[in-house]
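Numbering (this note's numbering), first residue to last: 34 to 207.
Using N, Cα and C, we set each Cβ at its ideal position, and we do this for glycine too.
Remember, it's a predicted structure, so these values are computed and weren't measured experimentally.
Below: one structure, written as structure tokens.
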């Protein structure tokens, strides 16, 4: 039921008939719902005690805010490349690559630093499980918003030709 509501909000938010304020409100509601689902999922998956949750969530939210800022900067670079790729010189593209590399390194350093903070009150198993849980949550959300027909592999015919087993690694699909 919640999934249907989110999908409806997504579809409705794309129509130009709605004002900016309504669109922003729908996006904010969707974001809040997403965050609530993530909190519930990570808390349950990591089996955080109330004491651990009290310490974990402020630090995790801080990490997420910094991570999002880095991802926004990476996205800006990719958007610029997508829009201006034909007019950019090799030197400009090389600088963009270096900047992207630095953002990836910044993000990795950020995670490393926050893992140290988490280790001050969580077991190493829970800290490592956090990364797995984040990936699993992300995959679940992608499946929720982009469901595949039953029995279909990870790619459909539009993404990888008519034969879903074609491509460089057909044995890995099943």
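Taking a 10 Å sphere around the C-beta of residue 137, we find fewer than 16 other C-beta atoms and assign the residue as exposed. For residue 103, the CB contacts under 8 Å within the same chain, skipping 5 residues up- and downstream, are 136, 139, 140, 143 in chain order. Sixteen is the threshold: when 16 or more other Cβ atoms of the shown chains lie within 10 Å of the Cβ of residue 155, as they do, the residue is buried. In the DSSP annotation of this structure, the continuous segment of the alpha helix (DSSP H) that includes residue 89 starts and ends at 83-117. For residue 87 and residue 147, the gap between their C-alpha atoms comes out near 16 Å.
In this structure the stretch 76-94 does not lie against the stretch 121-128, because fewer than three pairs of beta carbons, one per stretch, are closer than 8 Å.
9 Å or more divides the Cβ of residue 170 from the Cβ of residue 160.
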